[in-house]
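Presented below is the structure to which this report refers.
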Amino acid sequence: MARILKENNITAIREVKYISPFKIRFAFDTELAAQNFFMCEKLLERGWRFQKAMELSICYGVIKDVDLEFSEDEILKNISCQAPAKLLSLKRLDRRNRAEGGWCPSETLRLCFEGDNLPTSVRVFDMNIKVLPYIHQVSQCSQCWRMGHVRKMCPSKNVICPKCGGHHENCDTSMFCCVNCKGNHISLSKSCPVYKKERRLREIMSEFGCTYRKALECYVPPENQTPSVANFRPQASVSLENRFSSTPIEDIPVNSRKPTFAEIIKTKATIHAKQSPNPITKDNVSSMPKTQAQKNKKKPPKEDWMFWHADADEKDDHQLPVEEEGNDERPSFKELLSRLKEVIYLNNVSFSYKIKCIFQLCLEWLTLVSVSFVSEWSWANALFNFFLSRNG
1 MARILKENNI TAIREVKYIS PFKIRFAFDT ELAAQNFFMC EKLLERGWRF
51 QKAMELSICY GVIKDVDLEF SEDEILKNIS CQAPAKLLSL KRLDRRNRAE
101 GGWCPSETLR LCFEGDNLPT SVRVFDMNIK VLPYIHQVSQ CSQCWRMGHV
151 RKMCPSKNVI CPKCGGHHEN CDTSMFCCVN CKGNHISLSK SCPVYKKERR
201 LREIMSEFGC TYRKALECYV PPENQTPSVA NFRPQASVSL ENRFSSTPIE
251 DIPVNSRKPT FAEIIKTKAT IHAKQSPNPI TKDNVSSMPK TQAQKNKKKP
301 PKEDWMFWHA DADEKDDHQL PVEEEGNDER PSFKELLSRL KEVIYLNNVS
351 FSYKIKCIFQ LCLEWLTLVS VSFVSEWSWA NALFNFFLSR NG
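Position one of the sequence shown corresponds to residue 1 (the working numbering), numbered consecutively onward.
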């Protein structure tokens, strides 16, 4: 390697490290030296592929529903994609044959593109097919049962048991211990937190088109909301008598249901509909206190607001047969204002209807006031009696 670098005049190299038989890591002092290394034609002729540590030189996608009768070479000649994407290679993936066992070719193809830009679709035999991101499988060693490598590239020479984690191939124990997280499950379990983390890292790499190192920076560990089974200890049961022996028990009424509007109105109407123990008659009206007499004159809530107290008195003619005689009380202006206020604040009523009701109230009030004033004039009474006697 040193001779090849010297022949191609590649300098400013700080470190050279062999990661695997097919991967070497170079550390340069400057960015310019790294660019000269990438643009070396003699190294490119050897078929070497260069990639920066935090960038991707290739990306993978998946297309589905490709007929099995087409070979990989035939598909590669009849496939095209839009620029700037450039297709480098493709491979037909295998699937598990559940009927006969083993593996068999599938209708899914994995495409390799140059750079980190994955096209949305490709054309195969003039047919537009959608390209989906390819998620790499989590590799697990079958010798040490660690994540991230296979048995051929395992740095350790010790054989580890996948059940108990001991230094032997396999055993018949029922007390499992994971090699990766030390949990009470087998090392091959898909519920292992280490496996879930590696799976999530590969999903981030596929989603954002980044390297494994950058995916580690973007990874957010999930919150442990449920306690682990290994640390769970059942608490001692406490009887109800010992638990509530010192606490006095009281009957507290709990009303979890709110009353409806109809129930509230119904309750109020029932209360106002109760008859007074002392019915109001002509004899005891004058002896009642003024405040109590005013309370009895109030209308119940269910009474229509378009009727005056004079109409309410007409309903009780069997109790007050001659109530209007000798009554000097006239409809007051304050009562008119209260009626108008009730009309103005009515809900679910149109504006024109409110105007109509206000006009009707004012007209009715003027009529009652006029009648009360005319009834006090002696000459009007004499004239009225004269016409009655003449007609009689």
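Using N, Cα and C, we set each Cβ at its ideal position, and we do this for glycine too.
Let me know if S174 comes out buried or exposed under the rule of 16 or more other beta-carbons within 10 Å of its beta-carbon.
On the sequence shown, residue 174 is found 174 positions in, with the first residue counted as 1. S174 comes out exposed.
DSSP beta-bridge partners of A27:
Locating residue 27 in the sequence shown gives position 27, counting from the first residue. In DSSP, A27 forms a bridge with E15.
From which residue to which residue does the beta strand (DSSP E) around L109 run?
By one-based count along the sequence shown, residue 109 stands at place 109. Its beta strand (DSSP E) spans residues 103-114.
Using DSSP with H/G/I as helix, E/B as strand and the rest coil, what is R123?
Start at 1 with the first residue of the sequence shown, and residue 123 comes out as number 123. If DSSP states are grouped into helix, strand and coil, R123 belongs with the strands.
Among the candidates R98, V349, L43, whose CA atom is the shortest distance from the CA of R3?
Here residue 3 refers to the residue found at position 3 when the sequence shown is read from its first residue. Residue L43 is the option with its Cα nearest to R3.
Per-residue burial, G183 [other beta carbons within 10 Å of its own, 16 or more giving buried]
On the sequence shown, position 183 is the one that residue 183 refers to. Classification of G183: buried, given that the 10 Å Cβ count is 16 or more.
In chain order, what residues of the same chain have a beta carbon less than 6 Å from the beta carbon of C81, not counting five sequence neighbours either side?
Counting from 1 along the sequence shown, the entry for residue 81 is found at position 81. Only L87, P119, V122 meet the Cβ criterion.
Specify, as a first and last residue, the run of the alpha helix (DSSP H) that E204 falls within.
Sequence index remark: in the sequence shown, residue 204 carries index 204 (1-based). A small correction: the amino acid at residue 204 is Ile; Glu does not occupy that position in the sequence shown. Residues 193-208.
Taking the alpha carbon of E335 as the reference point, which residue from K356, C362, L346 has its own alpha carbon closest?
Within the sequence shown, the letter at position 335 stands for residue 335. Answer by Cα proximity: C362.
Taking contact to mean at least 3 C-beta pairs separated by less than 8 Å, is the region 94-111 in contact with the region 157-176?
no
Along the chain, where does the beta strand (DSSP E) containing D94 start, and where does it finish?
Position 94 of the sequence shown, counted from the start, is the residue given in the question as residue 94. It spans 87-96 - the beta strand (DSSP E) in which D94 sits, taken as one unbroken run.
Own chain residues within Cβ distance below 7 Å of K6, not counting five before or after
As a working note, residue 6 is residue 6 in the sequence shown. Closer than 7 Å at the Cβ level, and outside the excluded window around K6, lies no residue.
With a threshold of 16 other CB atoms inside 10 Å of the CB of K152, please say whether the residue is buried or exposed.
The residue you call residue 152 lines up with position 152 of the sequence shown. That one is exposed.
May I ask you to report which of helix, strand or coil DSSP gives I129?
For the purposes of this step, residue 129 is identified with residue 129 of the sequence shown, where counting begins at 1. In the structure shown, I129 sits in a strand (DSSP, three-state: E or B).
W48, buried or exposed, once every other Cβ within 10 Å from all chains shown has been counted against 16:
To locate residue 48, count along the sequence shown from 1; it is residue 48. W48 is exposed by the Cβ-count criterion.
Within 8 Å, do at least three Cβ pairs link the region 103-112 to the region 58-70?
yes
Does DSSP put C181 in a helix, a strand or coil?
On the sequence shown, residue 181 is found 181 positions in, with the first residue counted as 1. Coil.
Please report the distance separating the alpha-carbon of S187 from that of P155.
If you number the sequence shown from 1, residue 187 lands on position 187. If you number the sequence shown from 1, residue 155 lands on position 155. Taking the straight line from one Cα to the other gives about 18 Å.
Near K17, what residues of its chain come up, given a Cβ to Cβ distance below 6 Å and the 5 sequence neighbours on each side ignored?
Here residue 17 refers to the residue found at position 17 when the sequence shown is read from its first residue. For K17, where only same-chain residues beyond five positions count, the Cβ hits under 6 Å are R25.
Under a Cβ-count criterion, where at least 16 other Cβ atoms within 10 Å of its own Cβ denotes burial, should L346 be classed as buried or exposed?
Looking up residue 346 in the sequence shown gives position 346. Answer is exposed; the Cβ neighbour count stays below 16.
Using DSSP with H/G/I as helix, E/B as strand and the rest coil, what is C81?
Start at 1 with the first residue of the sequence shown, and residue 81 comes out as number 81. Strand, per DSSP.
Candidates F113, R213, V179: which alpha carbon is nearest C141's?
The count along the sequence shown starts at 1 and reaches residue 141 at position 141. If we check each option's Cα against that of C141, V179 comes out closest.
Please name the residue, chosen from E223, K77, L111, that lies closest to L93 on a Cα-to-Cα basis.
By 1-based counting over the sequence shown, the position of residue 93 is 93. Ranking E223, K77, L111 by Cα distance to L93 puts L111 first.
Would you say V16 reaches chain D, if we count a Cβ-Cβ gap shorter than 7 Å as a contact?
Among the protein chains of the structure shown there is no chain D, as only one such chain exists.
Among residues of its own chain, excluding the 5 on either side of C171, which ones have a beta-carbon nearer than 7 Å to its beta-carbon?
Taking the sequence shown and counting its residues from 1, the one referred to as residue 171 is at position 171. If we look at C171 and ignore the five residues flanking it on each side, its Cβ neighbours are C161, K163, C164.
Name the DSSP beta bridge partners of Q140, please?
Translated into positions along the sequence shown, residue 140 becomes position 140. Looking at the DSSP assignment, Q140 forms a beta bridge with M147.
What does the alpha-carbon distance come out to for the pair K354 and R339?
Your numbering for residue 354 matches position 354 in the sequence shown. Your numbering for residue 339 matches position 339 in the sequence shown. Their Cα atoms are separated by approximately 12 Å.
What's the gap between the Cα of M39 and the Cα of D116?
Indexing the sequence shown from 1 puts residue 39 at position 39. Indexing the sequence shown from 1 puts residue 116 at position 116. Taking the straight line from one Cα to the other gives about 19 Å.
Alpha-carbon spacing of E55 relative to N36, whole angstroms
Stepping through the sequence shown from its first residue, residue 55 is reached at position 55. Stepping through the sequence shown from its first residue, residue 36 is reached at position 36. Rounded to the nearest angstrom, the two C-alpha atoms are 17 Å apart.
Cβ distance (whole Å) where E114 is taken to contact L90 below 8 Å
Indexing the sequence shown from 1 puts residue 114 at position 114. Indexing the sequence shown from 1 puts residue 90 at position 90. No, E114 and L90 are not in contact; Cβ-Cβ is about 13 Å, not under 8 Å.
Taking just the CA atoms, how far does P221 sit from K197?
Here the question's residue 197 lines up with position 197 in the sequence shown. Here the question's residue 221 lines up with position 221 in the sequence shown. Spanning the two alpha carbons is a distance of roughly 8 Å.
Return the bridge partner residues of Y353 from the DSSP annotation.
Your numbering for residue 353 matches position 353 in the sequence shown. BP columns for Y353 are empty, so no partner.
Beta-carbon within less than 7 Å of E203's beta-carbon, same chain only, minus the 5 sequence neighbours each way: which residues are those?
By one-based count along the sequence shown, residue 203 stands at place 203. Correct list, in chain order: I135.
Own chain partners of I19 with C-beta closer than 8 Å, once the 5 adjacent residues on each side are dropped:
Residue 19 sits at position 19 when you count from the first residue of the sequence shown. Here the set comprises R25.
Tell me the residue span of the beta strand (DSSP E) that contains Y60.
Position 60 of the sequence shown holds residue 60. Where Y60 is concerned, the enclosing beta strand (DSSP E) stretches over 58-63.
Cα-Cα separation, S191 to M1:
Residue numbering aside, residue 191 sits at position 191 when the sequence shown is read from its first letter. Residue numbering aside, residue 1 sits at position 1 when the sequence shown is read from its first letter. About 44 Å.
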